[in-house]
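Participant: The structure is given below, and queries will be raised subsequently.
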Amino acid sequence: MELKKFRMTIEYCTSCGYIPIASRTAVEVLSKHHPELSEVALIPSSDGAFEVSVEGTPVFSKKEMARFPEHDEVVRLFEEFMADYDYSG
């Protein structure tokens, strides 16, 4: 059985200067889970956005949490997403 590869998006506010944390988050995830990822896309946005989704499902939202993710938090959330993913369909 072929390993499922997931697409992650990191939407970040450009005018807020969030590219360093978006880049760091991408590196954290890729360094630990590159075999499980088909893509990590950095998506420029506005309005204070820092939103992380996997396969279109939100896994972290700065707007909802009122904070940035902690070190390796997105890695943990991605691992939880993979554990809960329905591989049957």
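For the sequence shown, the numbering used here begins at 25 and goes up steadily by one.
Where is the CB? At the ideal position from N, CA and C, for every residue including glycine.
#1: Of the residues PRO68, ALA90, ASP71 and LEU101, which one's Cα is nearest the Cα of PRO8?
#2: Looking at TYR109: is its Cβ nearer than 7 Å to the Cβ of PHE74?
#3: Let me know if MET32 comes out buried or exposed under the rule of 16 or more other beta-carbons within 10 Å of its beta-carbon.
#4: Can the beta-carbon of PHE84 be found less than 7 Å from the beta-carbon of VAL98?
#5: Would you mind stating whether VAL76 and ILE45 have Cβ atoms separated by less than 7 Å?
Facilitator: If we stick to the structure as given:
#1: The structure shown does not extend to residue 8, since the chain spans only 25 to 113, so no value can be given for it.
#2: Taking the sequence shown and counting its residues from 1, the one referred to as residue 109 is at position 85. Taking the sequence shown and counting its residues from 1, the one referred to as residue 74 is at position 50. One thing to note: TYR109 has its Cβ no nearer than 7 Å to the Cβ of PHE74.
#3: By one-based count along the sequence shown, residue 32 stands at place 8. MET32 is buried by the Cβ-count criterion.
#4: Sequence index remark: in the sequence shown, residue 84 carries index 60 (1-based). Sequence index remark: in the sequence shown, residue 98 carries index 74 (1-based). Contact flag set, yes.
#5: As a first step, residue 76 is located in the sequence shown; it is residue number 52 there, counting from the start. As a first step, residue 45 is located in the sequence shown; it is residue number 21 there, counting from the start. Contact: no.
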